[in-house]
Amino acid sequence: MSKSRNDPGIAAVLSLIVPGVGQIYNGAWLRGIFWLIITPGFWIGSGGLLGWICHLVAAYTAYNYAKKRA
16 MSKSRNDPGI AAVLSLIVPG VGQIYNGAWL RGIFWLIITP GFWIGSGGLL GWICHLVAAY
76 TAYNYAKKRA
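What follows is the structure, given as structure tokens:
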């Protein structure tokens with residue numbers, strides 16, 4: 016039996032590993048590309064703090080997006 020919906024936990028873990036990949040996994044390509052571009056900029060520009068925040072927000076949004084679609 017094939018699973019057509021994405022698992023929220025997997026989406027969150029993917030975005031914790033690489034911000035934006037969880038969104039891409041969910042099919043939200045533009046959101047994923049946004050996080051892939053924005054997060055490294057905040058890591059470099061802020062010395063880390065805003066990078067962590069973006070990282071966590073990306074994982075949270077990936078989780079919620081997958082949960083809403085389930």
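Residues in the sequence shown are numbered consecutively from 16, following my numbering.
All residues carry an ideal CB built from backbone N, CA and C; glycine is no exception.
As the structure is a prediction and not an experimental result, all values here were calculated from the model.
Beta-carbon proximity of residue i to residue j, cut-off 8 Å
i     : j     : result
Ile53 : Gly47 : no
Asn41 : Ala73 : no
Leu51 : Gly37 : no
Ala13 : Ala26 : Lying outside 16 to 85, the shown extent of the chain, residue 13 is not represented and no answer is given.
Close-in-space but distant-in-sequence residues of the same chain around residue i (CB under 6 Å, 5 per side omitted)
i     : result
Tyr75 : none
Cβ shell of residue i (< 7 Å), same chain only, five flanking positions each side left out
i     : result
Leu65 : Phe57
Arg20 : Arg84, Ala85
Asp22 : Ala81
Burial state of residue i, where buried means 16 or more other Cβ atoms lie within 10 Å
i     : result
Leu45 : exposed
Ser30 : buried
Neighbourhood of residue i by C-beta distance below 8 Å, restricted to the same chain and skipping five residues each side
i     : result
Val33 : Leu51
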